[in-house]
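In the UniProt record's numbering, the protein residues as written are 1 to 524.
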Amino acid sequence: MIKAYPKLAAAQSALDAGRYEEAARVAVGHVRDHPEDPRGLGMLGTVAMRMGALGQSEAFLRQALAKAPGSDQIAQELAQCLHQQERPTEALHLFGQLEKEKPGDAQIGLMVGLILDKLGRAEEAHDRLELLARKHPDNSNIWLALAHNLRSSGDTDAAVDAYRRAIAIDEERGDAWWGIASIKKKLLSDEDVATMQKALAIAIDVANIAPLHFALARAWQDRGEHAKAFDHYQKGNQVRAESIGYNRAQLTEEVDTFTRLLTAQSLARGYSADADGPTPIFLVSLPRSGSTLLEQMVGSHPDIAAAGELPYLPALLRSTMEMHTRRGTTEIPQMIAALSDDEARSLGKEYLRRASLHHPGDVRYFVDKLPHNWSNIPFIRRILPQAKFVDIRRPAMDCCFANFTQSFSRAHAASFALEDIGQCYVDYVRLMDHLDLVAPDLVAHVSYARLIDQPEPELRPLFDYLGLPWSDAPLNFHKLNRVVRTPSAEQVRQPLNRKGVGVWRPYAEWLGPLRDKLGPLAEA
1 MIKAYPKLAA AQSALDAGRY EEAARVAVGH VRDHPEDPRG LGMLGTVAMR
51 MGALGQSEAF LRQALAKAPG SDQIAQELAQ CLHQQERPTE ALHLFGQLEK
101 EKPGDAQIGL MVGLILDKLG RAEEAHDRLE LLARKHPDNS NIWLALAHNL
151 RSSGDTDAAV DAYRRAIAID EERGDAWWGI ASIKKKLLSD EDVATMQKAL
201 AIAIDVANIA PLHFALARAW QDRGEHAKAF DHYQKGNQVR AESIGYNRAQ
251 LTEEVDTFTR LLTAQSLARG YSADADGPTP IFLVSLPRSG STLLEQMVGS
301 HPDIAAAGEL PYLPALLRST MEMHTRRGTT EIPQMIAALS DDEARSLGKE
351 YLRRASLHHP GDVRYFVDKL PHNWSNIPFI RRILPQAKFV DIRRPAMDCC
401 FANFTQSFSR AHAASFALED IGQCYVDYVR LMDHLDLVAP DLVAHVSYAR
451 LIDQPEPELR PLFDYLGLPW SDAPLNFHKL NRVVRTPSAE QVRQPLNRKG
501 VGVWRPYAEW LGPLRDKLGP LAEA
């Protein structure tokens, strides 16, 4: 039927080829010619979603669905849009309706399982994913999701089995190979290495090529072959950098602006926050800094709940920026300054509403440990004036090298090059130092190195900052059985150790660009 409408067909071709601006332009022409055809609006919604304009995408898709309320395709696109906006309960409701109408659809069932898992309903997610895997045993996406679920729940052996089921279906499945490699138990055999090398030689999808490089790097690292390992780490990052791209100047410019604009007065500006409900603690750092360890320790205190890495703050920042950009504001610091008290209060309440899905309401605090929130502190301070901030800092060389050797997605594109992750660390320290200068009591600091060597003396000032009595429970964090959805899932189930200290040293001869970018911080 789409062939009967040449503009719609052309828009679909452009969309399939990734030419989003062309697809949008042609789809607009179709909507003008055929205003009652919901497929044109649906196409605009899909294009906007691919371009990251999620608010516009939702508006187009809702208009399309109003014209064609029985369209499962448009409803599924809308559910996906809500999911990408980090509105999980709404997305789950819509996917649940679709599941009733299409009970055998593997993709819809998978999305239900993934959202349940993200909401912390790990057992429900596991049961659904396990049932899906039995019904669709040749679907590698389902096995991969089940593996991630099992790993986060602490069942490492079953997780490895599920990763291997995904690999048996598709030997090029790089994310499954990386799932095994990143468990850090030296699980990859010589036969596995040979299979990965063969898969890498024929793989054409970047989504497989990059993690295959990282998995091979970890395998060679486990064998003490550091030159081979570094070569694969570098190639995996290069593949990601070429396919995703990274604006090197943006973060530095934002930090420049924040250090110019943020004063004691501007940080004190805000509405009077309600005292109802737990207060958020934002545990901020670069990734791979020990934040999962600290979250598990702090979250063991009887007055604190560990909520994990919540995606809601960045999602609210994106949606607010999208709205303000249409008003003419194009930079985050200026947008924050332009927020009215009513807007800020509304955003704060929405964050707390979404976060409440991940913690009990009968504690004084909950911890949101999404590392990248360090750069969002000015926004958080504006919308949640009651929030607490804790910075955990790992020595620069260890931290940056650990980022470089982790298979990250576009969410942490700074990790794709040694110079970029070094500059990211420099900018992070610059912002923390400025906040300490203008608002000395705003952020509490924890040293990763001191935490693993002398945890109690390092934690006591933190609990004083929070106004909480000391508890010995954080010293026994590893004995608790919790779901952990980070690369440190295995490590935080062990007692404190020094395995993460000096990890960069075997690679020192290749890390000159990182050391140069860090400057004096490389010795800290």
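For glycine and all other residues, C-beta sits at the position ideal for the given N, C-alpha and C.
Can you give me the C-alpha to C-alpha distance between residue i and residue j, rounded to a whole angstrom?
i, j, result
"A53", "D472", "47 Å"
"A106", "H136", "7 Å"
"G45", "I304", "41 Å"
"A24", "A337", "32 Å"
"V206", "R240", "7 Å"
"A159", "Q80", "26 Å"
"K184", "D175", "15 Å"
"L307", "L146", "Strictly speaking, residue 307 in this sequence is Ala, with Leu absent from that position. Taking the straight line from one Cα to the other gives about 21 Å."
"L462", "H358", "23 Å"
"A68", "L15", "22 Å"
"A125", "R151", "13 Å"
"A181", "G299", "28 Å"
"D276", "G361", "10 Å"
"Y351", "D192", "44 Å"
"P314", "F214", "27 Å"
"A229", "W177", "15 Å"
"Q12", "R223", "48 Å"
"M111", "K100", "13 Å"
"Q63", "Y5", "20 Å"
"Q296", "G120", "15 Å"
"D427", "M335", "20 Å"
What's the call for residue i, buried or exposed, on a 16-neighbour Cβ count within 10 Å?
i, result
"L261", "exposed"
"L131", "exposed"
"R173", "buried"
"K517", "buried"
"P513", "exposed"
"G113", "buried"
"residue 527", "This structure leaves residue 527 out entirely; the chain is present only between 1 and 524."
"S189", "exposed"
"S375", "buried"
"Q197", "exposed"
"R410", "exposed"
"K186", "exposed"
Quick test of your reading: residue i and residue j, contact by CB under 8 Å. State the CB separation rounded to the nearest angstrom.
i, j, result
"P378", "F282", "Between F282 and P378 the Cβ distance is about 12 Å, and since that is not below 8 Å, they are no contact."
"A355", "Y312", "6 Å"
"V503", "D398", "5 Å"
"A439", "A264", "6 Å"
"I444", "F389", "Note on residue identity: the sequence assigns Ala, not Ile, to residue 444. About 7 Å; that satisfies the 8 Å criterion."
"E77", "L61", "6 Å"
"D72", "K102", "6 Å"
"Y271", "P385", "7 Å"
"E171", "T195", "6 Å"
"L212", "A199", "6 Å"
"V31", "L41", "6 Å"
"L442", "L435", "6 Å"
Run through DSSP, which three-state label would residue i get?
i, result
"P378", "helix"
"residue 541", "Nothing in the structure corresponds to residue 541, since the chain is present only between 1 and 524."
"L283", "strand"
"A306", "strand"
"H301", "coil"
"K102", "coil"
"R173", "coil"
"I180", "helix"
"H359", "coil"
"F477", "helix"
"Y312", "helix"
"A338", "helix"
"residue 576", "Lying before the first or after the last residue shown, residue 576 is absent from the chain, which here runs from 1 to 524."
"V503", "coil"
"Y365", "strand"
Does any residue of chain C have a CB that is nearer than 8 Å to the CB of residue i?
i, result
"V160", "Of the protein chains in this structure there is only one, and it is not chain C."
Any chance the CB of residue i is under 7 Å from a heavy atom of the ligand SAH?
i, result
"A166", "Looking at this structure, you won't find the ligand SAH or any other ligand, since it has none at all."
Who are the near neighbours of residue i in its chain, counting only those whose CB is closer than 7 Å to its CB and skipping five residues on each side?
i, result
"A75", "L65, L94 and L98"
"F416", "N237, R240, A241 and Y246"
"I320", "One point to set straight first is that residue 320 is Thr, not Ile, in the sequence displayed. So the list reads M335 and L347, once near-sequence residues are dropped."
"V255", "D427, R430 and L431"
"E456", "L475"
Can you name, in chain order, every residue of its own chain whose Cβ lies under 8 Å from the Cβ of residue i, other than the five neighbours on each side?
i, result
"A414", "Y246, L251, N403, D420, I421, Q423 and C424"
"P520", "none"
"S289", "P371, I392, R393, R394, C399 and Y448"
"E322", "A53, L54, G55 and Q56"
"A162", "A133, W143, L144, L146, A147 and L150"
"A387", "T279, P280, I281, F282, I380 and R381"
Can you name, in chain order, every residue of its own chain whose Cβ lies under 6 Å from the Cβ of residue i, other than the five neighbours on each side?
i, result
"S57", "G45, A48, M49 and C81"
"N139", "A106"
"D368", "P280, F282, A307 and L310"
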